[in-house]
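Worksheet: one structure, shown below.
Protein chains: 4
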Amino acid sequence: MNAPQSTPQSTAAAVPHDIRVGVIGVGRMGADHVERISRRIKGARVSVVSDYLRERAETVAQAAPGARVVDTPEEVIAADDVDAVLIASPGQFHREQVLACIAAGKPVLCEKPLAMNPADAHDVVRAEHESGRASVSLGFMRRFDAGYGELKDALEAGELGTPLLLNCKHRNADVLPGFTNVHMVHDSAVHEIDAISFFLEETVVSVQTLTGRSTENAPEGLSDPMLLLLRTASGTLVTDELYVSTRSGYEVRTELVGSKATATIGQDTGLVTTQQAGGCWGGAVPADFRPRFAAAYDAEVQAWIAAVADGSLVAPRSATAWDGYVAAAVCEAAEQSLTVDGAVEVTMLERPGPEGARDEH
Amino acid sequence: MNAPQSTPQSTAAAVPHDIRVGVIGVGRMGADHVERISRRIKGARVSVVSDYLRERAETVAQAAPGARVVDTPEEVIAADDVDAVLIASPGQFHREQVLACIAAGKPVLCEKPLAMNPADAHDVVRAEHESGRASVSLGFMRRFDAGYGELKDALEAGELGTPLLLNCKHRNADVLPGFTNVHMVHDSAVHEIDAISFFLEETVVSVQTLTGRSTENAPEGLSDPMLLLLRTASGTLVTDELYVSTRSGYEVRTELVGSKATATIGQDTGLVTTQQAGGCWGGAVPADFRPRFAAAYDAEVQAWIAAVADGSLVAPRSATAWDGYVAAAVCEAAEQSLTVDGAVEVTMLERPGPEGARDEH
Amino acid sequence: MNAPQSTPQSTAAAVPHDIRVGVIGVGRMGADHVERISRRIKGARVSVVSDYLRERAETVAQAAPGARVVDTPEEVIAADDVDAVLIASPGQFHREQVLACIAAGKPVLCEKPLAMNPADAHDVVRAEHESGRASVSLGFMRRFDAGYGELKDALEAGELGTPLLLNCKHRNADVLPGFTNVHMVHDSAVHEIDAISFFLEETVVSVQTLTGRSTENAPEGLSDPMLLLLRTASGTLVTDELYVSTRSGYEVRTELVGSKATATIGQDTGLVTTQQAGGCWGGAVPADFRPRFAAAYDAEVQAWIAAVADGSLVAPRSATAWDGYVAAAVCEAAEQSLTVDGAVEVTMLERPGPEGARDEH
Amino acid sequence: MNAPQSTPQSTAAAVPHDIRVGVIGVGRMGADHVERISRRIKGARVSVVSDYLRERAETVAQAAPGARVVDTPEEVIAADDVDAVLIASPGQFHREQVLACIAAGKPVLCEKPLAMNPADAHDVVRAEHESGRASVSLGFMRRFDAGYGELKDALEAGELGTPLLLNCKHRNADVLPGFTNVHMVHDSAVHEIDAISFFLEETVVSVQTLTGRSTENAPEGLSDPMLLLLRTASGTLVTDELYVSTRSGYEVRTELVGSKATATIGQDTGLVTTQQAGGCWGGAVPADFRPRFAAAYDAEVQAWIAAVADGSLVAPRSATAWDGYVAAAVCEAAEQSLTVDGAVEVTMLERPGPEGARDEH
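Chains as they are written, first to last, in the UniProt record's numbering: chain A, 1 to 361; chain B, 1 to 361; chain C, 1 to 361; chain D, 1 to 361.
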């Protein structure tokens, strides 16, 4: 990031270059990120784009002034005009691509999951540790939601006392056909599993997945709703209700029960109307996660760019490679629990450090 | 209930006698009932009172115009001027006293529990069945709470679709020293266990009691909060959070997740203020169950009196002897679950009927 | 109220007779009161009924065990078996009937209005004063609503500081054709005008009635919504929004802005659902005033009966004859204000007392 | 805005220069804008800064990489490296500075007020009109608040029907000593006066300012709370409650009563806690306008930059010079109304156009 030539009468620091971001994978999520960086993220621009569909990459690049298209993820990572990499490719490629970023010494923001299984995720953790510095951020965007932030602030300020219970609800209007119990764990519950890391900063020691009576609206083969019950090392219990065929809309609510106070987020109201039709009062439920978490995505990417610009590389409160490993380990146990009675113990490899990679949130 | 002498010009039915209620046990709850019947319940008066402390019975009877005091529960039940009996004595006497009421052919409203164990409770169910008619009401007053009624109405109207999950929260400001995990199940959770009978009208097949990290405010030996996880015959899952040392106040919230809609009760607001102190908005949490359920107690007793007066003896939606047996059986399993891993199966004796005693709600 | 013969072993006060209530006028409101007293009001029964439609009186009396029908209001008031009179006849007869009750020495609960104009209302105030004791209650039932009570309690406890503003909203789903601006003042706004007496305990010194753009749903000739702006002697400002063609339902909300805190009532929620249809969350708006204020009517009549029984004749917090006069005087000024620009001063005759009739709330 | 040299393999549009913003006046508000543009506004940077305190300008410029400091507003406006001007100087200089921007052909975002009186404000409207194109935006940031946007959307979609009433509440924890009734109109009420332009898109024809009982917390000489009553050309009534010594915090609530539905904004909840202290539930009230409207300021400036970049110069829904004139005219009448009884008519000069300057929102 070299300084531009400044005018002689300047009294302030030189204008820095924008961080040049290479984006790997521009399906819906990646395209959103390209649009976000190009329109709303201060201090960054998309410089290089790749996708396994070259045509799609070219279309998406139109929205990013100055961006060029290359053929492979490797080219993105290696490009001289790429300061940092955003990975939004399918999950099975994440491990390899993140490892390549670490090897190239480029900070990376990778959409979840970090890898397809705990062992692969731990490879990334180790490689990052061996690189001598933290440079991997993982896209658990809820950590940048205003409500999540307020709850975290209240916890850190001690206003809630000791956390005793964490109750989570995660509801979607619907899912695509083919969405199974395994997807429920890995795609839906994974967000609350990371919320445990974020809010409680503790290890999950066991997880129990409960299925019961299903809605008639669930796709074939999905137990919907599903209930996860997790226990942390300190004994804090976590319930996670997952219900993805509500037909109503997207709702995420979190309640932390502490020894001093309980606190709830996710009940904000927006416009409240009293309607003639049906003689009712109330508000709208967002159709999907995008209106609910749009600001969180923006805040996440902005925080990442700021961290890259100031050299810290990983933003405060961001999910790290280690958080990605933890999520993978807990998801694996939750998936096992689908086929056994009772709780499944979560086994975790050791965390490298504290020397080397960033070792706390 | 004989007709009084009516004036010759009367065009309407004769004025009926008030139902004369005998009250057994006038500790806090029984004294409340005496005061309730004497001041607010139409069509009833307290005629006879007993307590193991004669002096207390005499003091309480002052508040009930025309009431006399007798020495024993047996005298109350046998008295000619007692049309119906309300039992608020300690739980270990309930079985015997309810059986005596059945034998005497007198309708009875018994505070929970019906008996101290499932076998004893089933004795009452059987005796009532053999008596040829339903005459036992059990004091699960929440069934008469306006919110509970609205949720039940919505379910019966099909507005919520198939019930999939029932999430209950039960919080108290504090409990007396000596309150243990067993009390938590039998005194606190029992209300939500009856809520399952009320809302879902289904048998509980298994129950799992989870304890975790406790608040520093819990009495010695109590795991607080505690989590119950129940499963019904149809597979509907029920979570019950019990937390009785909140220091904040009394909160009871219930959410039913149905296949058509979800519905929540217990979040009513009362007076909402914006205060200078602390710059906050909000409302008060009631100190204990009395303000929260005062109207429910009144409605319960009024419905019972109406049922006695019209000869149906047990009010619509009231908990019955069978509901008392179910609660005892589920509580027993929940208590066992405190000392074992995983879920405990609930075993139930058969329900007598359908010939004979009232067989549905 | 003579004592009945009591059993020799009685340790308590004798059973008192029920208060025998005579009801004048049994249209919708009067019939409701007959049903209320017969089914829910402890310590009272309807003994005599009259209506200008004899047949209607006979039908309504069926619901009141022991009640007889007479031909005229005079007969009701004079009857030996009438301890207290409830007037629910058309407003133009109220003055005469209340005066007759005062003359007969019988306590009376009169539905609003007390009289058709301030002068007539003041006649009643004077007659009651000359009778030497307060015996007239006026049916402003909101004073017995739980929310109104909580707000009054908070004011009396000093929690809100000095009242600075009172903001009232009064909304109906619809009104009958023929409902005019004059009805809006006398039938709708009158409730908030009494709320000023109740909450602020101050005289209104001026009132301004504003009409503006009307909804297309308003009946011919009605300015709907309408806005009243009132000022009390101390300078407290009151806004009253009246909107009676909302098509949504019945809503009454009151906000008091005090120098220490602001407080709002009327936003209670009942059952909150998240629906599939429209993807919205919310609750129902009651269709009319009956569900909203049913408990307040019960509480009002119960408090009146208790006051009659204990000899105080007018219940604490009940509206009095003087409150009826105040409402008439303010309504008259508000009506005048419909045809002039700016505020109209309210002129009031002196209040008799303090010797004699009850002189404060 | 010339294109930079692009790399040969680029498939997309060239990277555009950032819009270079000159900022006049860097007191609290101007410094906030410099920080905002430098850290969060995509596509812009602060290039030149001036303030009457040169030292302050130099300090603030530190936060804006590449910004230089000049001595006078004229130099800012004339600078070659200034594409657009943001004015945050004291209000008495706005007219002159905005006129200079128009003369220089540079788009301008001016903090309110546009000018110190209606005549001066109209000068700006006329000058902009004569320039042949709209280029003046006025800093009524609430138009960019999410809630304001939702309400506007609902109105435009016809969901609320015809607007009948607009009820506004505007509360502050406190104001500085020396804040008078005139400030209340020009600094506080002005926001709701613009809300009328925004939501109703109508002319205010009369305004009445009411003062009553004041809180003991009000500064000497301030009538607090104050009530404004406005009427638009179509007869829609608007109430505006202003109360700036609540000691609680900052609250802005707006309710639009339409012929099809009513809608309320400003009741969002954030974190809801149930506390031990006082046994209450609720949330925090923000201390001042900054947390409440921080996102609106960002959105406002981002929308302005986008409009400058795409050549439209004034953002959709932004307040225009004409809106600034309207606010000045209504404020003047409201101020007059402080000293007279009843409503004061608002007189307005004609709006230039429709040929020429942008003539609708």
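For glycine and all other residues, C-beta sits at the position ideal for the given N, C-alpha and C.
At a beta-carbon threshold of 9 angstroms, the residues of chain C lying near P16(B) are P65 and G66, ordered along the chain. Counting only runs of 3+ residues, the beta strand (DSSP E) found wholly inside the UniProt domain "GFO/IDH/MocA-like oxidoreductase" (150-263) of chain C occupies 163-171, 204-211, 226-232, 237-243 and 251-258, in chain order. Interface with chain B (9 angstroms Cβ-Cβ cutoff): C280(D) is included. With its beta carbon at least 9 angstroms from every one in chain B, Q336(D) lies outside the interface. Following the DSSP letters along the chain, one finds S337(C) inside the alpha helix (DSSP H) bounded by residues A321 to S337. In terms of CA proximity to G278(B), A284(D) leads the group A284(D), G266(D) and F93(D).
M226(C) has its alpha-carbon roughly 14 angstroms from the corresponding atom of H191(C). Annotation for T347(B): no alpha helix (DSSP H) segment contains it, and DSSP assigns it neither H nor E. Under DSSP, L138(A) shares a beta bridge with C110(A) and A319(A). Assigned with DSSP and collapsed to three states, V70(D) falls in coil, not helix or strand.
A103(B) sits exposed, since fewer than 16 C-beta atoms from the chains shown fall within 10 Å of its C-beta. The beta carbon of L176(D) lies closer than 8 angstroms to those of P219 in the same chain, with the five residues before and after it left out.
By the C-beta criterion, the stretch 185-200 of chain C is judged to be in contact with the stretch 324-333 of chain C, since at least 3 inter-stretch pairs fall below 8 angstroms.
Taking 9 angstroms as the CB threshold, A44(A) stays off the interface with chain B. Counted as a single uninterrupted DSSP element, the beta strand (DSSP E) harbouring A84(B) occupies residues A84 to I87.
About 19 angstroms separates the beta carbon of V244(D) from that of D145(D), a gap too long to meet the 8 angstroms contact definition. Judged by their CB atoms, P316(B) and V257(B) are not nearer to each other than the 9 angstroms cut-off. Neighbourhood of T203(B) in chain A, by CB distance below 7 angstroms: empty, with the nearest CB roughly 14 angstroms away.
Cβ contact annotation for C331(B) (same chain, cutoff 6 angstroms, sequence separation greater than five): V185, H186 and V190, in chain order.
Beta bridge pairing from DSSP links W281(A) with T274(A) and G283(C). Per DSSP, V340(A) lies in no beta strand (DSSP E) and is assigned neither H nor E.
Non-local beta-carbon contacts of S89(B) in its own chain, meaning distances under 6 angstroms to residues more than five positions away in sequence, involve I24 and G25 in chain order.
Identification of chain D residues near G270(A) by a Cβ-Cβ cut-off of 9 angstroms yields A146, G147, E150, I265 and D268, ordered along the chain.
Looking only at V76(A), Q276(A), V21(A) and A263(A), the smallest Cα-Cα distance to L155(A) is reached by A263(A).
The shortest C-alpha to C-alpha distance from Q97(A) to any of D71(A), D81(A) and V124(A) is the one to V124(A).
Less than 9 angstroms separates the beta-carbon of A309(B) from that of P16(B). DSSP places R133(A) in no beta strand (DSSP E); its state is neither H nor E.
Distance from the CA of E255(A) to the CA of T274(B), rounded to the nearest whole angstrom, comes to 23 angstroms. Note on geometry: alpha-carbon atoms of K260(C) and S206(B) lie some 53 angstroms from one another.
Under the three-state reduction of DSSP output, G22(D) falls in the strand class.
With a cut-off of 8 angstroms on Cβ pairs, the stretch 54-64 of chain C is not in contact with the stretch 74-82 of chain C, counting fewer than three such pairs. Per DSSP, reduced to three states, the secondary structure at I37(D) is helical. Scanning G139(D), T246(D) and L237(D) for the CA closest to the CA of L242(C) turns up L237(D).
The C-beta of L160(D) comes closer than 9 angstroms to at least one C-beta of chain A. The DSSP-derived three-state label of V314(C) is coil.
By the CB criterion at 9 angstroms, S50(D) and V70(D) fall inside the cutoff.
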